[in-house]
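With the numbering used here as the guide, the letters of the sequence shown map in order to residues 741 to 981.
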Amino acid sequence: MRLRVSHVTRYRFDVPVRGVVQSHRLIPAECEGQKILDWRVEVEGASWGAGFRDGAGDQVRTMVLRGPVREVAVAIAGEVETTDTAGVLRGHREAVPPLAYRRTTRRTRPDKAIAELVRTALEGCDTAPDLDRAHALAAAVADAIVYAPGETHAHTTAAEALAQGAGVCQDHTHVMIAAASQAGMPARYVTGYLHASSEEGAHEASHAWAELHVAGLGWVGFDAANKCCPNEHYIRVGSGL
Numbered sequence: 741m742r743l744r745v746s747h748v749t750r751y752r753f754d755v756p757v758r759g760v761v762q763s764h765r766l767i768p769a770e771c772e773g774q775k776i777l778d779w780r781v782e783v784e785g786a787s788w789g790a791g792f793r794d795g796a797g798d799q800v801r802t803m804v805l806r807g808p809v810r811e812v813a814v815a816i817a818g819e820v821e822t823t824d825t826a827g828v829l830r831g832h833r834e835a836v837p838p839l840a841y842r843r844t845t846r847r848t849r850p851d852k853a854i855a856e857l858v859r860t861a862l863e864g865c866d867t868a869p870d871l872d873r874a875h876a877l878a879a880a881v882a883d884a885i886v887y888a889p890g891e892t893h894a895h896t897t898a899a900e901a902l903a904q905g906a907g908v909c910q911d912h913t914h915v916m917i918a919a920a921s922q923a924g925m926p927a928r929y930v931t932g933y934l935h936a937s938s939e940e941g942a943h944e945a946s947h948a949w950a951e952l953h954v955a956g957l958g959w960v961g962f963d964a965a966n967k968c969c970p971n972e973h974y975i976r977v978g979s980g981l
């Protein structure tokens, strides 16, 4: 499948600032199932530093704007050829070991409710393969959180989202990471794009999902918000804790 992306992110400041320096992870890396045909990131008036690939395998570029600056508009345009790998990430060059992703953050720290969600989801799965356990966690998270835009915000934690029982893809992802951590599985946050169906029209925002490190397979994506693993409708851009 060939997917085209046109995406603009705007930052507006209440008062002009003297300058802006940003490090962007906005360029998708090539891997099995993802071939970059064209990709451009543009900021009017910006100077760009040399790009590099970080330890997670993501491409980084630093942008500098000299002030006064009241607004920054980051425009992305690109085309990617994708194939379905059943969510398995192959051919992605990275140096950070999977165990580094056992670390939690303030937004992905499991609480008692998340621990109970994991206990219930994995009941009877003590000897099950990691992949089966990961699918069980994803199903439990999908059932626990109704997709409801506007119910949460950028700083909502996994514990808060689960308590609320509603949220968007970032909330499903935070809870999935927290649940995986509770279950002893490395997990990380992934950002990218999801192609909307023809009925839904253009997708209006970037997307998020989780990757869990599964024995024998490596990193596998789980999109609990859509109850599936990433397929040819997804473009993977970057990852983090």
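Ideal placement from N, C-alpha and C gives every residue a C-beta, glycine not left out.
Assignment of residue 967 by DSSP, reduced to helix, strand and coil, places it in the coil class. Residue 908 carries a coil assignment under DSSP once its states are collapsed to helix, strand and coil.
Around the beta carbon of residue 895, a 10 Å sphere encloses fewer than 16 other beta carbons of the protein chains shown; the residue is thus reported as exposed. Here residue 749 is exposed, its C-beta having fewer than 16 other C-beta atoms within 10 Å. In chain order, 922 place their CB closer than 6 angstroms to the CB of residue 855, counting only its own chain and leaving out the 5 sequence neighbours on each side.
Residue 913 and residue 758 have their C-alpha atoms roughly 36 angstroms apart. Among the bridge pairs identified by DSSP, residue 752 is matched with 811. Setting aside the 5 residues that flank it on each side, residue 933 is surrounded in the same chain by 743, 745, 747, 943, 946, 947, 974, 975 and 977, each with a C-beta closer than 8 angstroms to its C-beta; the list follows chain order. Between residue 952 and residue 927, the C-beta spacing is below 7 angstroms. The beta carbon of residue 979 is closer than 7 angstroms to those of 796, 798, 928, 929, 930 and 951 in its chain, skipping five residues each way along the sequence. Within the stretch 851 to 935, the complete beta strand (DSSP E) segments of 3 residues or longer fall at 927 to 934, listed in chain order.
Contact check for residue 833 against residue 800 fails: the beta carbons are separated by 7 angstroms or more.
The way I'd put it, the stretch 834 to 847 doesn't touch the stretch 870 to 881; fewer than three beta-carbon pairs between them come closer than 8 angstroms. The criterion of a C-beta distance shorter than 7 angstroms is satisfied by residue 772 and residue 825.
Listed as beta-bridge partners of residue 819 by DSSP are 744 and 778.
Counting along the chain, the unbroken beta strand (DSSP E) around residue 976 starts and ends at 974 to 980.
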